[in-house]
Each structure stands twice: as structure tokens, then as C-alpha cells.
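Going down the list, the protein sequences come from chains V and D. Going by UniProt numbering, the first sequence opens with residue 1, and the numbers climb by one from there. Going by UniProt numbering, the second sequence opens with residue 1, and the numbers climb by one from there. Ideal placement from N, C-alpha and C gives every residue a C-beta, glycine not left out.
Protein chains: 2
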Amino acid sequence: MTDETENAASVTEQGKGPSKKAMKKQAKEAEKVAKKAEKQVTSAQGDGGDQPDISEGRYGVLPLITSIEKPDRTLVRIGSLVRTIVQYCTVLLSYTVQYMITATQLLFEQRQQHFSVQCLAMVSASVSKQMVKFLSNVTKESLLDVQGVVRKTDQKIVSCSQQEVELHVEQAFVVSAAEPVLPLQIEDAARSESSLEEGDGPSIRVNQDTRLDNRVLDLRTPANQAIFRIQMGVCELFRQALQRQGFVEINTPKIIAVASEGGANVFEVTYFKNSAYLAQSPQLYKQMAIAADFEKVYTIGAVFRAEDSNTHRHLTEFVGLDLEMAFHYHYHEVVDVIGQMFNAIFRGLADQYSEEIAAVNKQYPAEPFQFLDPPLRLEFKEGVAMLREAGVETGDEEDLSTPNEKLLGKLVKAKYCTDFYILDKFPLAVRPFYTMPDPQDPRYSNSYDMFMRGEEIISGAQRIHDPKLLAERAALHNVSLDKIKPYVDSFRYGCPPHRPPP
Amino acid sequence: MTDETENAASVTEQGKGPSKKAMKKQAKEAEKVAKKAEKQVTSAQGDGGDQPDISEGRYGVLPLITSIEKPDRTLVRIGSLVRTIVQYCTVLLSYTVQYMITATQLLFEQRQQHFSVQCLAMVSASVSKQMVKFLSNVTKESLLDVQGVVRKTDQKIVSCSQQEVELHVEQAFVVSAAEPVLPLQIEDAARSESSLEEGDGPSIRVNQDTRLDNRVLDLRTPANQAIFRIQMGVCELFRQALQRQGFVEINTPKIIAVASEGGANVFEVTYFKNSAYLAQSPQLYKQMAIAADFEKVYTIGAVFRAEDSNTHRHLTEFVGLDLEMAFHYHYHEVVDVIGQMFNAIFRGLADQYSEEIAAVNKQYPAEPFQFLDPPLRLEFKEGVAMLREAGVETGDEEDLSTPNEKLLGKLVKAKYCTDFYILDKFPLAVRPFYTMPDPQDPRYSNSYDMFMRGEEIISGAQRIHDPKLLAERAALHNVSLDKIKPYVDSFRYGCPPHRPPP
């Protein structure tokens, strides 16, 4: 056990833990609170009675942390506890998960984000019976400060992320105690639908409303911890891909004076003595940034849609990732940039977020995401042909219904082995007034949607950047020119051709 | 001139420009539009008359770009036109700025974001009189596609960003024409207040309302182009500094059910059949993320304040950069992280955005920003003492007025040579109910503000993470417990001590 001794020595050098004075004070306080806690929670168990407590000052409930001092202790994350580094350590604050109690020892699990480690508190020369008992009464989801020796285990601990080591506890304080009755158990909230259906475990299902009413607990599941990190990853990879291409990040107004897209599905805000609206998209502002010579811009921010439907495609508020760029000759310059941006995100997630994806898959199993490089681009006509071949009746200039989108996603996946593809050249009739018509065929337009697993995730088009043509098309669509004047005017002082995903 | 010939040859290999067919079509169209344009704009000037046009097909107004083809031309940015690389090139779309016309030649300036280059169109074997005349009639702020030879100039061109070269134009097309009368001139909008006051140039001042009514033009000034890029830089450096420390980016709801901070200064939204509110800060959500075991989070997003005041400190909507982190022993762990984050932003801006800062300084002169590493931290008491020493009467537990904040900024700058400092330990009485009292002196609190040039830019405190103490303090502040129940409840299931800038 040489290396253990060495490590213990080096840790002593790094910092011995709280100062003696503070320890004493803590111990006193802890003892007081612990006694109170014990009174409340102990029941039939025999306690240490009047025996002197050899662990005094090494466990208990910490007083409320009010920033009195800064002890010089080195704190270790659970995720970094691995078998090659056997050491004495203090674990960064972690949540207590579950217990197994035998006569003289207590096994419990501590969790930190999506990492967890098994802890062992065993009556010994330094650990008292009272201490083991105190720890066995700590409520689940309480926050602990635990110190001890990291040891290799004989068997893999399958329930924990750190499977090869366990922590032999020598000191443990409750930093923040959870109430004894939790509205939901993390392990229930983390259970997969398939395991519930197969009945190979407890069959407690946590409903959506219980989750949302207790979001703080629900977010402690490994899948939710991972989803938040993947969300961050998507934004980060989006930015990186676009910054490499010289894009400038902008922020666009959310409270706007005019309900830009005709007034449907827009939230109204009481703006002092007037009314204002919440922006349904940053579209007009992005385009004005292009006319203002920013050339390539992107924005990440809240968008608002007053859609009173409860589907996963209808949210009243979400975070939009949006871009707009000037091009020279052909809107495919932009389509290519967006396609490559998606591939960079797909690749980046697979490379940098594999642990998080695995955590999500454990609760929500899914096949690995497939994509082609360069991405597949089909014309709308080709999509219609594939649907017809599969027996679907759909018109040449008819928009895709949601079921048809899903079916086409499956047909494309079967034929081309990709979960991501671009559908180009939509019928002009089904797109907004500002969409540039296809110069070769007036029934179609310079517009496209992109799909992931049969769901549209982005929609875009070359915008009409000529004020005269824009006014003509607006009139055809019965869009009042008065209402879109600042938008049309922004093209009057020189504007490059451009396009975005709205 | 060997290198020029070589470069011309190599460019020919890379791509000759548009295909012959397209060129012919363009030329035809251009000629037609150009003729029309000439008719409209020429007046007293003599024209080429019936002489054959040797430049036919090399100038004119391009037809509306509807994505017909993708010519294989290599495009060059104005910012990359430097004297060491003399070459034949096509400049990426750029805006026409201003002219100087002599008998046979035309000097004009092309601008691209904050870069500009002088262009020369001179009657020659390849440039016709008609072409020079056509170009001299292009309206300012029109978007051009210009091709020519880059040559070193004899004298520095002080009006342009590219001072050592000019472009000898051989081909030029109008991609998007600006209207002849502009609501404001870019050079007027870019003029500094001091140059207006000193009267060392034209004295046209562009008013704020003219700017805002014509934001697309106003944003073409070098200072505004730079400000947008610096804004991006601040967000980017903020993210980088925090990601290095393991922070997770989150997004928080903007439409909320309850007016969280007492209902004052909050915008009301009509939410279907109910009312909702716009979030005044992401605070409660950040804290709930900490209670949900994210440990360190940040968010960048819109915040809304219904403040009907027209000062630069009162905006109804702005982008907030916000963070929250758990700490172990002392809220100074967090203060240190924030201080270092600010220093990383200051350093990053100076290193990576010096060109942009110079562009802003040209219109808005300012001294270089000074800061200390580590940042200066003063206690509130010390600040009060400095103010009193300067003759200001202020109470021990009185909040700083705006004039006192400004004065203290000047005193600190004079004494410590820093534009950035932290003022720690504010009186408890002037801070919100959720602020942790100072454990050593109940008149003060574990809270602070940070200042740049005498203006508060961030405000923070250790939050009370104990539900009982929180309820007590709320009662003292007359905050109804009913209204903050979900917030208080989020501390009931184990929560680390934490603090944020609200």
C-alpha cells in the first residue's frame, strides 16, 4: 500500500482540511445539530449510547455557510476518481443517492452531475458507531462534503459511473439537508420507458406534471444533465462553424412595434400606454444587418409564437438558432454553408459529447445519427416522386403534410442511409411572398427545407432583395405594403442578394 | 512588372469570371439598363456618342440575381488588398463611397465593412469613355462587383483603410443600386463630436432619430461596424472564460407566470386567455439550475424592464450576460471567478479587437482601459471613507447615489490606476431579501457591485440557500411567501451555497 501512504502524505502537504479552530467550532455545532437530527430520525436502532465518540468532529451537519473562512483543501470531482490514482481525497459537494446497511458498515452512493461513486462507512479505529448511524440517517438528495481514501474494488460497481473504485469515508458533513420525503425519486425519473414496459425493475413512472412541478429534482437525472450539456454543445458548435466562415453574432429586438408576419400567432405586450408585440423570429433584423453590410450574421435567442397547441412542434417560446448571409451568384452558396454547418454539429456532438449522448440513450434509446458528407440534396420534385412511388397521392405544387414529411424521411433513410437531408426548390405557391421565384421554372422557388429524421428543422429561401419585385409579390399575397415599409425600404440603398433560414 | 503578369496568368487559371454565355447575356441586359440609367442620370456631360464601345460587356447594371449560375471566380476582400500582393482580382461585393472626377479618369472609393480601397477608372485601351461615364453616375452606397489590377500607390491614401494600394478597374457591375438621394451620408454619420466642435470639416451632424430611422445606413459607419463586432467579442470572451472553468450554458424562460420581483417595472403579456409577464432577469432559473446540480451555469439572453426613463441606464430590453455558481466555503470564490472573467474579457478585447477599438475611438475618442490583475477589491466602508475624504456626506448604511458612484470611480482611478474595481460588503439594508448577511457584522452583507469607469456593471451576492432563513428575511422585507414559493421550495431538496450577479 505504498502508493496510498505516499498520496496521503502529498495531500497533507496540499492542505489538511479546515483549520483546527474552525474544525472545533464545526464539530461543536455539528454535534449539537447531529444530536438533534438523531433524535428526530433514529427510531428502533440501537445507538452508541454514552460511549465516547471516537469520530467526534469528523461528521455532522455543517452550520449554514455564510462565508466565514476559506480552508485550503484540494477538492476532487467524482468523475476524476479512477483506479490508477488511489488517494486520500475530499470530494467536491455531491448528492447522496442510496444506501445499503449491514451490521457495522454502511454503503451509500454519492452523485455529482452524471457521475457517481460508491462510499463505504465502516466502524473502525477512526469511524465510530455513532458516525455510521448518523450517516445512515442522512436523507436522500442531501448535499454532503465527504473525505476519505479511494480504494480499488474487487468487483465492478455497476450502479455507479466510477465502477472500479470506492471511497472509504473518514469524514462526512451534511452541507444542505433534503427534506425526508421527496416528491419524486431520481432513479424513478431516470427510468427508461422500455424498462417500465418490460417490467424488469420497479414500475414507478414519473408523470410529466410531477417532473415539471419538481424540475429541480427532475433535472438531476443523468439524461437531463446530459441534455442540457448537449444543448450547450449544439449552440457552441453552431457558433464555431459560422465564426470560422466570418459570421458576426448579432442580437435582435424581442419587443417589436408591429406584428411583422400578419399578426397571427403573435403575443401582445402592454408597452406603457401602447401595445407592442413579441418577435416571432429575428428575420427582418437579420436581413437589415445584411443590408447594413455585415455580410454574414447569426443570432441565438428567444423567439415567441402564440400557438395554443400542445405538440412538440408548437412551443410558445423557444431558442432559435438563426443565420443570414449575402451571396454572390447563387443561393446554393448559402445552402452549402448551412449543410456543412449541420455536418460540423453532427460530427462535433459525436466527438465531444459521446458520454452525454450515451447518458441520454440509456433512458431514451436511439440509433446513432447517420449523415452524408456533403449532405444529400434532393429537389422537391424528386421527393414527390418518391412519395408517389410509395403510393401517396400528392400534387406537384402541394406542400408536404407532416405525415408525408415523416414518410419521406423514412424513404430517404432507406434509400440513401442518411437521417439528414435537404429538400430544395419548393413550389412558389406554398412559400411566403418574399421568396425568390425559380428563374427557370415559375412554379418553383429558390427555397428549401432541411430535415432530421423526417422532421423539418430549418427552412430557408433566397429573399427578394429588389424593392420593386418585393412590392409586386407582396401585393399578390395580399400583404399590405404599409406594414412592411421599413423592411422594403431597407433594400433601397444597395443590398446584396441574401438568404437565411427563417 | 513581372509579378503582375504572373498574377494575372494565375488568376486566369483559377477562373476567368462568368461564362461567355452568361457574360453575353449580362452584357446585353447591362447595356440596356445602363442606357436607360444613363438617360436618367446624364445631363450636361458629353457622352461617347456613336463611337463603338470598347468596354462593352465589362460594365453595367447586373440583372437581378436569381441564382441562375455559379461562376468560378475567386473573390478577394478589400481588407486583404495589401501592397505585397500585387494582383489582378475581383473584389467581393462592396459599397461605393465617393468620387473624384477629372477629364479622363475617375477616382472612387469602395467600402466593405470597416475596410476601404481607392479605385481608379481611366480611359485606356480597355476602358472606354462610356464606361468611365457610366461609373461616374453610379449612386453612392450602390453595391458593386469590381475587377481590376491592384497597384502600389506613390502616396499613402489617407482616406482609405488600404493606404498603399489602389485598384485599377477593368470591369465593374452594379449589383444593387442605391436611390440617388440618401437620408444620411455615411461620412456625416461617422464624424466625431470633437471634429464637429472644432469645425475642422463639414459641420453636418446626424441626429439620433435620423440614425434610428435609417439604421441600415447608420450601421455602415466604421464605428458601428466595430461596435457590433466588439459586442460579439464580449459574449465570446465571456463564454470562453467560463467554459474553461466548467460552466454550462443554459437558456431561461422569458415569458413567466408570476411577476417575480414584486410586479414593479414588469411588462405584461396577453397569454391566450390569461396574463403572463416578461422576465426581468434569469435569476430564479439560474439558481434553480444550481439546486438541480449544474454547479456552474451562465446564460446570455434578453431581459426586459418596464422602465419608462430615457437614460443610458434604463432600457426596456437588453441582452444580459449572467452567471451563477455553487461555492464551497466563501462567496469570494465566486467574486474571484468573476473578477478573472472580466480581466479575460479586457485582455481579449485589447488583443483580438484592437482594430475595432481603434475604429470606435476614431469617432468616440477614449483613453485605453486600465485594469489590475488581480482586480482591485475595496470594502464598501473604504469607499465611503474615500468619498468623505473628498468632502461628500454619506451615511454608513446609505446606498451609493449615481453621482457618488461616478465620483468614487474617479477617486479610485486616481489612487489605484484602474478603470475596473470591485466594491464588496454592501450594507444589508440596501440589498434584496435573499442576500446573505455578513456573519461578522450584521449591518453589512455578503454582496458586492463591480464598476467600470464609475458605472455599476454587475451586482451580486451570496444568496441565502436555507429555506428557513430565506422565509425570515422575506418576511422582514414584506415579500409575500406565496409568491416566491417555487423559489423557496427549490432549496428544500439539498442545495449548495451559491451566488450570481443578478
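On the CB-based measure, 16 or more other CB atoms within 10 Å of its CB, does residue 416 of chain V come out buried or exposed?
exposed
Do we get a CB-CB distance below 7 Å when we pair residue 494 of chain V with the residues of chain D?
yes
Between which two residues does the alpha helix (DSSP H) harbouring residue 332 of chain D extend?
332-352
Using alpha carbons as the reference points, say which of V/138, V/481, V/140, V/111 lies closest to residue 162 of chain V.
Residue V/111 is the option with its Cα nearest to residue 162 of chain V.
Any beta-carbon of chain V closer than 7 Å to the one on residue 552 of chain D?
The question about residue 552 of chain D has no answer here: the residues shown for chain D are numbered 1 through 502.
Excluding sequence positions up to five away, which residues of its chain have a Cβ less than 6 Å from the Cβ of residue 106 of chain V?
121, 132, 135, 136
Considering residue 271 of chain D, what are the terminal residues of the beta strand (DSSP E) in which it resides?
268-271
May I ask you to report which of helix, strand or coil DSSP gives residue 382 of chain D?
helix
Taking residue 187 of chain D and residue 117 of chain D to be in contact with their CB atoms under 8 Å, please state how far apart those CB atoms are, rounded to whole angstroms.
About 16 Å separates the two Cβ atoms, so there is no contact after all.
To the nearest angstrom, how far is the alpha carbon of residue 408 of chain V from that of residue 432 of chain D?
Going by the C-alpha atoms only, they are around 56 Å apart.
Hey, could you find the ends of the alpha helix (DSSP H) residue 209 of chain D is sitting in?
208-213
Is the CB of residue 62 of chain D under 7 Å away from at least one CB in chain V?
no
Is DSSP giving residue 70 of chain D helix, strand or coil here?
In the three-state DSSP reduction, residue 70 of chain D falls in the coil class, being neither helix nor strand.
Which residue marks the beginning of the alpha helix (DSSP H) containing residue 81 of chain D, and which one marks its end?
Per DSSP, residue 81 of chain D belongs to no alpha helix (DSSP H) and is neither H nor E.
Span separating the alpha-carbon of residue 353 of chain V from that of residue 308 of chain D:
If I take the Cα positions, the gap works out to 45 Å.
Bridge partners - residue 422 of chain D, DSSP secondary structure assignment:
For residue 422 of chain D, DSSP records a beta bridge to D/377, D/450.
Would you be able to state if there are at least three C-beta pairs under 8 Å between the segment 331-345 of chain D and the segment 388-402 of chain D?
no
If you check the beta carbons only, do residue 460 of chain D and residue 423 of chain D fall under 7 Å apart?
no
So is residue 68 of chain V buried or exposed if we call it buried at 16+ other beta carbons inside 10 Å?
exposed
For residue 374 of chain D, collect the residues of the same chain with a Cβ closer than 7 Å to its Cβ; drop the 5 residues on either side in sequence, then sort them by chain order.
339
Decide yes or no for the touch test of the segment 225-244 of chain D against the segment 283-293 of chain D: beta carbon pairs closer than 8 Å, at least 3 of them.
no
For chain D, find out if any of its Cβ atoms is closer than 7 Å to the Cβ of residue 220 of chain V; answer yes or no.
yes
Interface partners of residue 278 of chain D on chain V, CB under 9 Å:
The contacting residues are 254, 255, 269, 278.
Run through DSSP, which three-state label would residue 503 of chain D get?
Nothing can be reported for residue 503 of chain D, as the shown portion of chain D is limited to 1 through 502.
Mark residue 221 of chain D as exposed unless 16 or more other C-beta atoms lie within 10 angstroms of its C-beta, in which case mark it buried.
buried
Are at least three pairs of beta-carbons, each pair with one atom in the segment 325-333 of chain D and one in the segment 188-199 of chain D, less than 8 Å apart?
no
By the three-class DSSP mapping on this structure, what secondary structure does residue 469 of chain D have?
helix
Residues of chain V with CB closer than 9 Å to the CB of residue 396 of chain D, please, in chain order.
Result: empty, since nearest Cβ-Cβ is about 21 Å, beyond 9 Å.
Below 8 Å on the Cβ atoms is my contact criterion, and I expect residue 419 of chain D with residue 453 of chain D to pass it. Report the Cβ-Cβ distance as a whole number of Å.
5 Å
Roughly how many angstroms separate the alpha carbons of residue 368 of chain V and residue 292 of chain V, rounded to a whole number?
42 Å
From which residue to which residue does the alpha helix (DSSP H) around residue 188 of chain V run?
186-189
So, under 8 Å CB-CB, residue 146 of chain D and residue 172 of chain D are touching, yes? Tell me the CB distance rounded to an integer number of Å.
5 Å
Excluding the 5 residues preceding and the 5 following residue 265 of chain V in the sequence, name in chain order all residues of the same chain whose CB lies nearer than 6 Å to its CB.
305, 306, 307
Does any residue of chain D bring its CB to less than 7 Å from the CB of residue 275 of chain V?
no
Contact criterion: CB-CB distance below 7 Å. Does residue 113 of chain D meet it with respect to chain V?
yes
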